[in-house]
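Just below is one structure, and these are the notes that go with it.
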Amino acid sequence: MDSTFLLLTSISVLIFIKIFLSLYSAYVFRKTVNKLPGPRGNILFGTSSSARKLKKEDRLLKVQICSIKYKDGLFRTWLGTEATVHIHKPEHVEIILRSTTNIEKAPLYKYMEPWLGQALLTSTGKKWMRDRKLITPAFHFNILEQYAIVMSEKADIFVKCLEKHININPQESIDIFPYANRCTLDVICETAMGVNINMQEDTENEYGKAVHRFTELLMYRIFRPWLAWDWVFALTEVGKEYYSAINIMHTFTREVIKKKKLVRESKCNIANENSLIFNEIGKPTRKAFLDLLLDARESDGNHMTDEELREQVDTVMFAGHDTTAAAISWTLFLLGNNEDIQNKVHEELDYIFSDSNESATTKEISQLKYLDRVAKEALRLYPSAPGFLRKLSEDVKIDDYIIPKGCVVALSSFGTHRHPDIWPNPEEFNPDRFLPENSKGRHPYSYIPFSAGPRNCLGQKYALLEEKFVLTAILRKWKVKSVQNQDNIKFYGALILRPSEGIYLHFIPKK
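Positions 2 to 512 (the numbering used here) are the ones given, in order, by the sequence shown.
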């Protein structure tokens, strides 16, 4: 009896100590975080109760207003017991993004793990370092030259699809975003896997529809915190559709990997098979991202499993289409609102291409200096990724403040790019901001559309090249006029900056 009592007492004391230490740790954490400037909130819901009342279109604006209000360049918010510190000053952004220890992505990115697993976008630590080293060569200039052929081909198909729509009703405005999305999905599917899904002309393609639907459902889940628990989400109709889309995508990628391996092992071309995958897999002319990973596995003996290959390929698929589609759409929107700037783009295109009807080459694209500045300025105003989230694995000192371990740090590219202390007349669309003489002396972390530091976007050159191929193909044929303007366009930021109600353009044939 005494021994039982002693055991129970000891267990109770240990439980009490553990609870006490946990509560004390939470108290110290909250006290430290509350030394940072920020809006008031209650102990139960923090500042989330007021945030929940905001429309999704107003949240980015609210963060931007707060970033100007709090003069020290940072402020904190609470979501229950979870603290987020928002920063926008380039010198503060640099402290976080240059860190080689605080590289862990925030919990929000876990929503992508059912599709992507632990790959470059979601992994951390030694695995992330290994993945980064392995994947970097896939974006070498020589490889981009091969990808450019695909970009040019798909851009031409984009134009044909637009032409078909315009010929039916020349006066009707067109929402450009879904067209751009299908084009970039075609490009990334062929450059990542070597498979032509022809999404632009076959909009009912099962894999393409699954990718698109997954992205929609991911956004749905992100804006509904009560669906954060996987088991709750899986019970909903939306959750069932979400996991069904993932199953379609996983099956497709695994099948591609299987067929690629078969070709490599048997050294035979299986192009006579019936399925689309079989038709495309045997092509020896171009090396897709997956081919490069398989080459690396064979030559380096890196022991990457087929499932790890699938995760890396799916990650490139996810990261490489929506972001570029957004960049293309927002650039056309801005050109459609700024006739003088669009005229300069047309003058440059006419000078480079004259009366030629041939598809653009990488050499010609590289000569489009003004279009390059236009694309960069569009990414300043409407960055495809409006922000980046890091979860701190150690305390960080910024000026006189300590941001404790465990905090999520939100780095707003949208806010940094539009802050009047950094960019004069920030709402103005002015590509000449990126002339060498105007860029001189600008803080390198004042412009971060592709993030920066050790976790910057590996595919930024790929994305800009693809964007310019598509813009060139469209603008060689038409002038564009926007239905909406910068004052009335509605958009929201989740993982990418999306228009709430489309981006509608009129297409006027060039004379």
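Here a beta-carbon is modelled for each residue, glycine too, at the ideal position from N, C-alpha and C. Source: prediction; values computed, not measured.
Asked, Found
"Which listed residue (Ala464, Pro405, Ile169) has its alpha carbon closest to that of Met318", "Ala464"
"Per-residue DSSP class, three states only, for Lys392", "strand"
"Buried or exposed by the 16-neighbour rule on C-beta atoms within 10 Å, applied to Ser13", "exposed"
"Buried versus exposed call for Arg225 [16 or more other C-beta atoms within 10 Å across all chains shown]", "exposed"
"Identified DSSP bridge partners for Val212", "Per DSSP, none; premise fails for Val212."
"Contact under 7 Å by Cβ, Thr171 with Ser447", "The sequence given here places Pro at residue 171; Thr does not occur at that position. No, the Cβ-Cβ distance between Pro171 and Ser447 is not below 7 Å."
"7 Å Cβ shell around Ala211 - same chain, five flanking residues per side excluded", "Ala246, Ile249, Met250"
"Proximal residues to Ile515 (C-beta, below 8 Å), its chain only, five neighbours per side dropped", "Since the first residue shown for the chain is 2 and the last is 512, residue 515 is missing from the structure and cannot be characterised."
"Distance CB(His418)-CB(His89) smaller than 7 Å", "no"
"Bounding residues of the alpha helix (DSSP H) (the contiguous stretch that carries Tyr243)", "238 to 267"
"Residue span of the alpha helix (DSSP H) that contains Gly416, given as start and end", "414 to 418"
"Whole-angstrom distance between Ala326 and Leu295, CA atom to CA atom", "28 Å"
"Residues near Asn275 by beta carbon distance below 6 Å, same chain, minus five either side", "Because the pLDDT at Asn275 is just 39, under 50, the model does not fix this residue reliably, and the value given afterwards should be weighed accordingly. Excluding sequence neighbours, Asn275 sits near nothing in its chain."
"In DSSP terms, what Ala84 is bridged to", "Trp79"
"Per-residue DSSP class, three states only, for Tyr383", "coil"
"Reference Glu191, options Met220, Leu145, Arg214, closest by Cα", "Leu145"
"Boundaries of the alpha helix (DSSP H) in which Pro115 is found, first to last residue", "114 to 117"
"Beta-carbon proximity check, Ala453 vs Leu98, cutoff 7 Å", "yes"
"Length of the line joining the Cα atoms of Asn270 and Lys260", "Unreliable positioning characterises Asn270 in this predicted model, as indicated by a pLDDT of 49, which lies under 50. The coordinate reading is nonetheless provided below. Asn270 and Lys260: Cα-Cα distance of roughly 10 Å."
"Residues bridged to Leu8 [DSSP beta-bridge criterion]", "Note: Leu8 sits in no beta bridge, so no partner."
"Other residues of its chain near His507: CB distance less than 6 Å, five sequence neighbours each side excluded", "Ser174, Lys482"
"Rounded separation between Leu121 and Met113 - CA only", "12 Å"
"Inter-stretch contact (C-beta, 8 Å, three-pair minimum) for the stretch 78 to 85 and the stretch 423 to 443", "no"
"Boundaries of the beta strand (DSSP E) in which Val160 is found, first to last residue", "Unbroken run through Val160 is the alpha helix (DSSP H), 142 to 169; no beta strand (DSSP E)."
"Where Asn426 falls, given that 16 or more other Cβ within 10 Å makes a residue buried", "exposed"
"Spatial neighbours of Ser68 in its chain, beta-carbon cut-off 6 Å, leaving aside the 5 residues before and after", "His89, Gly416"
"Contacting residues, own chain, Cβ-Cβ under 6 Å from Ile167 (five flanking each side not counted)", "Phe508"
"Exposed unless 16 or more other CB atoms sit within 10 angstroms - verdict on His213", "buried"
"Closest residue to Lys462 among Pro445, Thr324, Val409 (Cα-Cα distance)", "Thr324"
"Buried versus exposed, by CB contacts within 10 Å (16 or more), Trp232", "exposed"
"Backbone secondary structure at Asp176 - three-state DSSP", "strand"
"Under 7 Å between C-beta atoms of Ala376 and Glu467", "no"
"Contact under 7 Å by Cβ, Ala107 with Lys398", "no"
"Local conformation of Lys128 per DSSP, three classes", "helix"
"For Ile96 and Tyr244, the rounded distance between their alpha carbons", "38 Å"
"Candidates Tyr505, Thr362, Val239, Glu348, of which the one nearest Thr216 by Cα", "Val239"
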